[in-house]
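A quick write-up on the structure given underneath.
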Amino acid sequence: MSIDGTGRVFLSSVPVGLPIRRHMAGLGYPGRLLVNMSKTRRLISASVFVLLLGALSACQSAPTGHGVSHGHHGAPAPVARQGPAAGGQGGPRVLDLTALSDLEGIIPRLATKRVVFVGETHSRFDHHLNQLEVIRRLHARNPNLAIGMEFFQQPFQPHLDRFVAGELTETELLRDTEYYDRWRFDYRLYRPILAFAREHGIPVIALNVPSEISAKVGQEGLASLADSERAQIPQDMDRANGQYRERLREVFDRHPGSEQRDFENFLSAQLLWDEGMAERAARYLEEHPDRQLVVLAGSGHLEYGMGIPDRVRRRVAVQTAIVLNGGQGHVEPGMADYILLPEEQTLPPAGRLGALLQTSEEGVTVGSFAHGSAAEAAGLKQGDRILAVDGEPIARFADVKLVLWDKQPGDEVTVRVRRGRWVLGDQELTFQVSLR
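So the sequence shown is residues 1 to 436, counted in the numbering used here.
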């Protein structure tokens, strides 16, 4: 389970462990991604008063000098939005939009922090481009940098090390880290960051705990874990923050089907994620006292400092800063040190089969087709079992993704299927599919 900056819970990794059986095949990556990295990333300090999204709601500021970057442990409570009179006797506070800084204006301050947390909405490409810009500019000041990533899990650290060292291709990295089984978001979103890390030899740290453990906790609770599983998670998990619990309760109650699940297990799974990532980050900091660490994670793990940041500081005495990507909700004092206001950018179109695939113990079969499906136009039929794509055996949906992730519309792939027949028995067929 992962919470992004909108408060949404992504079912692709929710710890309740519900199997996802149907997938739209064919998210690919154009081999030549052109991104205008010179566009200005505007930002504001979260301690400034703000009116957002046209709402006449005032946010009350935190006292100067007590922002989240100064290592406090008690996350500030969200400020109630009351109306025009909020903000004291002077009336509502105002954010002067003509006085916004740019990204370069905060880099000197971020460079003084041992840990910089940069939040994201997982599906927003512009958020990841902003993360890359922060990394690039900090690296220019201090090459002794490391990047911690939520979307890689700790047991797969050796594969990340080999990738950064140039020993693995991107497809091999995705296969060996089981990326499409464990994260599922389009790899192209993160590709520029990993390419930069590889180019400059920047260590990439797998922060997350194994998803099978968090899924088990989400279903059955911490008490269900075997000793071997407990050995892979933090032994010290702090439940004292009541605001953390309340915030997750709100998320849980908005999630469809919450009445059929146990909130305490949901809370434990989220706590396990945050504590697990914090412990791994803190351990890296202690083992590498000369390195600055940039942590990339969903904004829900960072806001108000109560997810990962406070739990890192509980373990190791470091100065930190929180940078969030905004533009999708209200801004409140104490939720971050800085909020980036990105210009939305989307990934280029991907080459698609246009088939809704179903997975089972027998393999991957075609469930139905999207309108204008490339696979249907090539001759595939509902019920066909996909045996191979471009010569690569297909046993799981992730295998399809591994073949198609870098394909563009117009690229041609070879698809071999087995088609059942009532009278003459099964038949193996091969089709040339021009992706759309």
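Glycine included, C-beta positions come from ideal geometry on N, C-alpha and C. Predicted model only: the values in this text are computed from it and were never measured.
Specify the secondary structure class of residue i as computed by DSSP and reduced to three states.
| i | result |
| --- | --- |
| arginine 162 | helix |
| arginine 198 | helix |
| leucine 189 | helix |
| serine 434 | strand |
| aspartate 322 | Looking at the sequence provided, one finds isoleucine at residue 322 rather than aspartate. Note: isoleucine 322 maps to strand in three-state DSSP. |
| proline 393 | strand |
| glutamate 412 | strand |
| valine 423 | coil |
| threonine 6 | Legend: pLDDT at threonine 6 = 37, less than 50; position of this residue unreliable, value from coordinates given subsequently. The answer is coil: DSSP assigns threonine 6 none of H, G, I, E or B. |
Buried or exposed, going by whether 16 or more other CB atoms sit within 10 Å of the CB of residue i?
| i | result |
| --- | --- |
| threonine 112 | exposed |
| threonine 414 | exposed |
| histidine 301 | buried |
| glutamine 319 | exposed |
| serine 268 | buried |
| leucine 380 | buried |
| glycine 201 | exposed |
| serine 153 | Checking the sequence shown, residue 153 turns out to be glutamine, not serine. Classification for glutamine 153: buried. |
| arginine 439 | Residue 439 lies beyond the residue range present for the chain, which begins at 1 and ends at 436; the question has no answer from this structure. |
| glutamate 361 | exposed |
| histidine 128 | buried |
| glycine 351 | buried |
| tryptophan 273 | buried |
| aspartate 236 | exposed |
| arginine 247 | buried |
| alanine 58 | In this prediction, alanine 58 scores a pLDDT of 32, lower than 50, which makes its location untrustworthy; no coordinate-derived value is stated. |
| serine 299 | buried |
| glycine 276 | buried |
| arginine 254 | exposed |
| glycine 307 | buried |
| asparagine 144 | exposed |
| glycine 227 | The displayed chain sequence assigns aspartate, not glycine, to residue 227. Aspartate 227 comes out exposed. |
| phenylalanine 263 | exposed |
| valine 423 | exposed |
| threonine 177 | buried |
| alanine 398 | buried |
| alanine 99 | exposed |
| alanine 321 | buried |
Could you tell me the boundaries of the alpha helix (DSSP H) in which residue i lies?
| i | result |
| --- | --- |
| methionine 335 | Note, methionine 335: premise wrong, no alpha helix (DSSP H); not H, not E. |
| alanine 378 | 374–378 |
| tryptophan 273 | 263–287 |
| glutamine 131 | 125–141 |
| glycine 242 | 242–254 |
| arginine 352 | Per DSSP, arginine 352 belongs to no alpha helix (DSSP H) and is neither H nor E. |
| glutamate 438 | Shown here, the chain extends from 1 to 436; a query on residue 438 therefore has no answer. |
| arginine 239 | That residue, arginine 239, is in no alpha helix (DSSP H); it is neither H nor E in DSSP. |
| tyrosine 179 | 179–182 |
| glutamate 170 | 170–176 |
| leucine 110 | 107–110 |
| valine 312 | 308–315 |
Check the DSSP bridge columns for residue i and list the partner residues they point to.
| i | result |
| --- | --- |
| glutamate 428 | Arg418 |
| asparagine 208 | Gln153 |
| valine 364 | Thr359 and Ile386 |
| glycine 148 | Ile205 and Val295 |
| valine 115 | Leu293 and Thr320 |
| glutamate 120 | Gly298 |
Is the closest heavy atom of the ligand NAD to the C-beta of residue i under 7 Å?
| i | result |
| --- | --- |
| alanine 297 | Ligands in the displayed structure: none, and consequently the ligand NAD is not present. |
At a Cβ threshold of 8 Å, is residue i touching chain C?
| i | result |
| --- | --- |
| glycine 276 | Of the protein chains in the structure, only one exists, and it is not chain C. |
Subject >> Given 8 Å, three or more beta-carbon pairs between the stretch 216–233 and the stretch 159–172 >> reply: Contact fails: fewer than three Cβ-Cβ distances are below 8 Å.
**OP:** Would you check if there are 3 or more beta carbon pairs closer than 8 Å linking the stretch 139–147 to the stretch 291–304?
**Re:** Touching, per the Cβ criterion.
**OP:** Check whether the stretch 327–347 touches the stretch 383–396, counting contact only when three or more Cβ pairs, one atom from each stretch, lie closer than 8 Å.
**Re:** Taking a cut-off of 8 Å on C-beta distances, the stretch 327–347 does not touch the stretch 383–396, as fewer than three cross pairs fall below it.
Original post:
Between the stretch 112–125 and the stretch 178–193, are three or more C-beta pairs nearer than 8 Å?
Top reply: The stretch 112–125 vs the stretch 178–193: in contact.
Original post:
Counting Cβ pairs, one atom from each stretch, are 3 or more of them under 8 Å apart for the stretch 368–386 and the stretch 415–434?
Top reply: Short answer: they touch.
Subject >> Three CB pairs or more closer than 8 Å across the stretch 338–351 and the stretch 403–414 >> reply: Counting Cβ pairs under 8 Å, three or more are found: they touch.
Subject >> Any 3 or more C-beta pairs closer than 8 Å across the stretch 91–106 and the stretch 155–162 >> reply: Put simply, the stretch 91–106 does not touch the stretch 155–162. Fewer than three CB pairs are less than 8 Å apart.
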